[in-house]
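Below is one structure, written out as structure tokens; the observations come after it.
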Amino acid sequence: MTEIKLYNTKTRQKEPFSPLDEANVRMYVCGPTVYDRAHIGNARPVIVFDVLYRLLRHVYGADHVTYARNFTDVDDKINARAANTGRSIREITDETIGWFLEDMDALGALRPNQAPRATEYIDEMKAMIAALIAKGHAYAAEGHVLFDVNSYEKYGSLSGRSLDDMIAGARVEIAPYKRNPMDFVLWKPSDSETPGWQSDWGYGRPGWHIECSAMTRALFGEQFDIHGGGLDLAFPHHENEKAQSCCTAGEDSFAQVWMHNEMLQVEGKKMSKSLGNFFSVRELLDKGISGEVIRFVYLSTHYRKPMDWTEKKAREAEATLRKWCTVEGKNIDVKPDAEVVAALMDDLNTSAAIHRLEELYKADDRDLLLSSAKLLGFDFAKIAESDWARPFTYETPTGGVLKEGVDYNPSASVIGWGPISDGLRDASLNLVHRWLAYRRNKDWAAADGLKEHARELGMSLMAVRSPNGINGGSAKLESNEIDPEKLDALK
RNA sequence: GGCGAGUUGGCGGAGUGGUUACGCAGCGGAUUGCAAAUCCGUGUACAUGAGUUCGAUUCUCAUACUCGCCUCCA
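Quick note: this note's numbering has the first sequence finishing at residue 491, numbered continuously throughout.
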């Protein structure tokens with residue numbers, strides 16, 4: 001068996017993946033802070049690591065992979081949202097978690113085995129903070145507990161930074177109680193307005209980074225295999241997680257492989273609220289762009305390259321998926337194509353895997369196409385049932401000559417995507433017949449005029465040959481929202 | 001200011017020390033009243049300069065440009 005190779009941020013190279021325990025491969029991915037709808041950038045790690053999860057399950061067996069993704073449900077953004085809306089924190093976080101799962105389901109992402117919430121692991125965090133203090137890696141000051149970066153020699157090694165460089169150009173918070181400007185908060189004081197827990201260092205709440213260290217410890221133990229997340233988390237979040245964990249359990253502890261997906265842009269620009277190109281997964285779905293199309297666009301770019309979300313890519317992805325989903329296959333138990341698997345094993349080369357799907361499509365190997373697509377998280381059978389991917393065609397019976405040289409009964413058809421109203425169908429078929437009548441009379445000007453007007457409404461008229469040689473016609477609808485009365489009014 | 005990534009044909013996007021994916025668009029032909037659809041055919045691209053090499057788009061160095069992170073952010 002070929003081995004999986006993954007790019008490890010820690011070593012800056014692609015290396016063979018060998019799990020600590022093949023019977024229980026453990027992967028942890030940083031999940032969202034739950035205060036608002038997931039934006040499309042949030043979806044990238046979800047989709048990327050979903051593919052990895054599927055691949056690991058394929059290689060090691062579905063029962064031998066544990067995937068955990070947390071919800072950060074204690075955070076100042078959440079507090080602010082609660083203060084602004086007057087709603088309780090729990091209400092906000094519960095609702096947001098529901099949205100998140102719903103939206104990610106739509107993208108075809110499998111749910112992780114574990115979805116720990118930070119607030120359920122406060123005791124573990126406190127224990128870890130206490131351990132760090134005991135070992136001299138952290139200190140309490142003015143109600144805060146801070147991690148002492150100078151106490152960890154390898155601080156900065158994950159993200160490739162040195163303390164001196166960072167301090168030199170730093171934009172860090174200078175606080176009087178910090179020994180080093182880069183020291184980061186493990187615990188901070190809460191007042192009556194903010195959520196908090198009693199601790200040895202006073203009433204307070206955890207800093208952001210400690211939750212991942214504490215939760216992986218609780219769920220996975222001191223060591224686990226893969227830790228994933230967006231590249232923006234590499235520093236400071238992951239650097240700090242690593243420092244916390246390694247200072248309590250040794251340099252070999254915590255994640256063996258660190259993986260980071262590159263960022264996402266929109267139409268060539270950084271997605272930001274100020275540019276107005278900031279939108280949520282839900283907004284995309286509501287616009288009629290299906291989750292599978294979104295997934296396809298994401299997977300056509302390698303995860304370690306910046307990905308540009310564009311309308312054009314979405315349209316192309318939709319066309320491709322429609323094309324592939326027309327294939328019928330029954331035997332979904334067939335093993336996925338070896339080349340698709342090999343592409344994924346090569347540091348998740350999803351783009352190459354998709355290329356291979358195109359070849360399988362062209363080779364007309366339907367079972368293999370379906371089973372391989374499934375490994376990428378596409379269920380073609382299901383997609384084929386969805387409105388956007390389901391073609392509709394209505395055909396009148398094949399035409400015939402009723403009276404030689406005088407009467408025609410040409411066949412007419414209407415084709416398009418998704419559901420169509422009877423009114424639109426009938427109006428379309430009528431229009432086809434009128435067009436065919438002009439053609440029969442060789443009134444090309446009238447025929448072409450009608451065709452042009454129909455095109456303006458979103459309908460393409462095409463001549464087709466019936467098997468018996470009699471010309472028929474077909475109307476292709478670009479949209480099923482065309483007003484039938486407007487079609488009837490066309491001359 | 002610090003750190004990092006990238007620059008491939010019209011667009012998107014893999015990949016390789018010598019045989020140069022693939023998709024979309026385009027072009028030519030068949031076909032068509034004209035089209036559409038379909039079928040057949042078609043593209044020698046790898047930022048710039050230098051170096052290593054028998055040979056580099058692929059390795060090394062420099063330059064330019066783009067982008068990201070360092071601040072809540074995946």
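Heads up, the beta-carbon is just placed ideally off N, CA and C, and yes, glycines get one too. Only a predicted model underlies this, so the values are computations on that prediction, with no experimental measurement involved.
Contact under 8 Å by Cβ, residue i with residue j
i           : j           : result
residue 388 : residue 250 : no
residue 43  : residue 107 : yes
residue 121 : residue 218 : yes
residue 72  : residue 33  : yes
residue 271 : residue 31  : no
residue 25  : residue 225 : yes
residue 309 : residue 266 : yes
residue 348 : residue 65  : no
residue 437 : residue 484 : no
residue 492 : residue 204 : Because the chain is modelled from 1 through 491, residue 492 falls outside the range shown and cannot be assessed.
residue 152 : residue 212 : no
residue 17  : residue 257 : yes
residue 449 : residue 412 : no
residue 383 : residue 292 : yes
residue 417 : residue 361 : no
Three-state secondary structure assigned by DSSP to residue i
i           : result
residue 244 : helix
residue 371 : helix
residue 34  : coil
residue 96  : helix
residue 208 : coil
residue 415 : strand
residue 135 : coil
residue 263 : coil
residue 127 : helix
residue 4   : coil
residue 72  : strand
residue 363 : coil
residue 502 : Because the chain spans 1 through 491 in this model, residue 502 falls outside it and cannot be assessed.
residue 23  : coil
residue 191 : coil
residue 353 : helix
residue 117 : strand
residue 201 : coil
residue 378 : coil
residue 177 : coil
Classification of residue i by the beta-carbon crowding that lies within 10 angstroms, buried from 16 upward
i           : result
residue 177 : exposed
residue 112 : buried
residue 295 : buried
residue 519 : In this structure the chain extends from 1 to 491, so residue 519 is not present and cannot be described.
residue 86  : exposed
residue 103 : buried
residue 21  : exposed
residue 373 : buried
residue 242 : buried
residue 455 : exposed
residue 239 : buried
residue 444 : exposed
residue 441 : exposed
residue 45  : buried
Euclidean distance between Cα positions of residue i and residue j
i           : j           : result
residue 488 : residue 386 : 29 Å
residue 481 : residue 367 : 35 Å
residue 69  : residue 116 : 7 Å
residue 513 : residue 425 : Any answer about residue 513 is impossible in this case: the structure gives the chain only from 1 up to 491.
residue 55  : residue 344 : 7 Å
residue 495 : residue 338 : With the chain running from 1 to 491 in the structure shown, residue 495 is simply not present.
residue 268 : residue 410 : 50 Å
residue 303 : residue 210 : 27 Å
residue 228 : residue 28  : 6 Å
residue 378 : residue 84  : 40 Å
residue 479 : residue 315 : 14 Å
residue 405 : residue 439 : Note on residue 405: pLDDT 49, under 50, position unreliable in the model; no value is reported.
residue 81  : residue 35  : 7 Å
residue 380 : residue 313 : 19 Å
residue 5   : residue 138 : 36 Å
residue 148 : residue 136 : 8 Å
residue 7   : residue 334 : 30 Å
residue 150 : residue 299 : 41 Å
residue 255 : residue 336 : 29 Å
residue 273 : residue 280 : 11 Å
residue 179 : residue 188 : 16 Å
residue 262 : residue 48  : 10 Å
Subject >> Runs of beta strand (DSSP E) wholly within the region 266-320 (minimum 3 residues, chain order) >> reply: The DSSP assignment places 307-309 as complete runs of the beta strand (DSSP E) inside the region 266-320, in order along the chain (cut-off: 3 residues).
Subject >> Minimum length 4: unbroken alpha helix (DSSP H) runs contained in the region 417-491 >> reply: With a minimum length of 4 residues, the continuous alpha helix (DSSP H) runs that stay inside the region 417-491 are 422-440, 444-456 and 484-489.
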